[in-house]
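In what follows, a structure is listed as structure tokens, so that the remarks can point back to it.
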Amino acid sequence: NHWLLAWLSLELNTLSILPMMMKNPHPRMVEATTKYFIIQTTAAASILFASTINAWMTGHWSIINTNSTLTTTLATIAIMLKLGVAPTHLWYPEILQGTPLYTAMLISTWQKLAPLALLYMMHNNLSPHLLLTLAIISAVMGGWTGLNQTQTRKILAFSSIAHMGWLLAALAMNQPLTTLTMTTYLIITTAMFMALATTTSKTIHDTSTTWTATPALMVATMITLMSLGGLPPLTGFMPKWLIIKDLTSEHLLPLSTALLMASLPSLFFYTRLAYLTMLTNPPTTTNMKLKWRLTTTLNSTATLTLTATALLLPMTASLYNTT
């Protein structure tokens, strides 16, 4: 509950992943690591500046009792920069594209927990109008800018930007729902990255050639993609359903309609990727019915997350009441 300790934790969180990003000193990885370090330190410096202004105006360093509008606005913008939320999102796809799939998974999941925890602690003093505006911008930008992408890491980067928009909408309306939305996002995104890393699929064309190698994994990947799009009866439908319910109960029909319309472009490129994964066969010159292939093994984390992406919707009542 102290601004300086929160700033120190964010800096340690940033510094801890830099060696992992630089593990293979490729020029693209060096560039991505440098960009990530500059962006994250800029955001952390902005948070330190906001907390210093708050301490100067109020005489304390408490995060929960941050009542100054200037401080909360500066801190919110800095955290949005750390999370890669639109309109401060341009660095995010480029950094994910320059890192390996497992490192990109950590940036998209684990590295978002600390800024979101800080945002959650401040939620009583945040402006709902600012959060909802950022939610709409992020959902729209994440959907539309991901339409013409062919790299799987960039597709998942824009998917993450769109999901952050839904999460901000949940934070503005219902704080317990934010925890459920973030947990669902972590599970589905982890499952998708692990499926792509197992088959080393870096472009959408790679996914169309992996069916003969791992048929069962490709079926699970298609289900995960549909869950990312929020289609019922899969797990990804649960947070969107509850967020729209809360927005409509507050008579915010234009906002809920805008969020739903913004999710359609995302659903389009998920469906396109699922089509290439499941419904197309690569050209082959062999006439043999059985093709030689290596055995692909899945670790336990990938198995659990791939299962959870499809089966958690019936548990909505119990999960939502306990978050």
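The sequence shown lines up with residues -16 to -1, 1 to 307 when you count with mature numbering (1 follows the signal peptide of the UniProt record, and there is no 0).
Glycine is no exception: its CB is placed at the ideal position from the N, C-alpha and C atoms.
Pair within 8 angstroms by beta-carbon distance, residue i and residue j
i	j	result
methionine 5	threonine 83	yes
leucine 114	threonine 60	yes
leucine 74	phenylalanine 253	no
methionine 222	leucine 290	no
threonine 219	threonine 293	yes
threonine 25	threonine -3	yes
arginine 137	leucine 85	yes
Buried versus exposed call for residue i [16 or more other C-beta atoms within 10 Å across all chains shown]
i	result
lysine 7	exposed
leucine 295	exposed
proline 99	buried
Span separating the alpha-carbon of residue i from that of residue j
i	j	result
threonine 173	leucine 140	8 angstroms
threonine 307	isoleucine 228	Because threonine 307 carries a pLDDT of 45, less than 50, the predicted location of this residue cannot be relied on, and the following value inherits that uncertainty. Distance between the alpha carbons of threonine 307 and isoleucine 228: 18 angstroms.
arginine 256	proline 77	19 angstroms
lysine 19	glycine 68	13 angstroms
asparagine 239	aspartate 230	A small fix is needed here, since residue 239 is leucine in this sequence, not asparagine. Roughly 11 angstroms between the two C-alpha positions.
alanine 156	asparagine 109	11 angstroms
isoleucine 236	serine 185	Position check: residue 236 holds leucine in this sequence, whereas isoleucine was assumed. For leucine 236 and serine 185, the distance between alpha carbons rounds to 40 angstroms.
serine 35	tyrosine 104	16 angstroms
CA nearest to the CA of residue i, picked from the options
i	options	result
serine -1	Trp94, Leu80, Thr53, Trp40	Trp94
tyrosine 259	Leu(-12), Leu248, Trp195, Thr241	Trp195
threonine 208	Ala175, Pro217, Thr134, Leu115	Ala175
alanine 123	Ile145, Phe253, Thr293, Pro298	Ile145
isoleucine 23	Ile120, Ile79, Thr219	Ile79
leucine -12	Thr285, Thr198, Met245, Leu102	Leu102
Assigned secondary structure, residue i (DSSP; H/G/I helix, E/B strand, else coil)
i	result
threonine 187	strand
histidine 44	coil
glutamine 81	helix
glutamine 159	helix
histidine 73	coil
glutamine 24	helix
histidine 107	helix
histidine 147	helix
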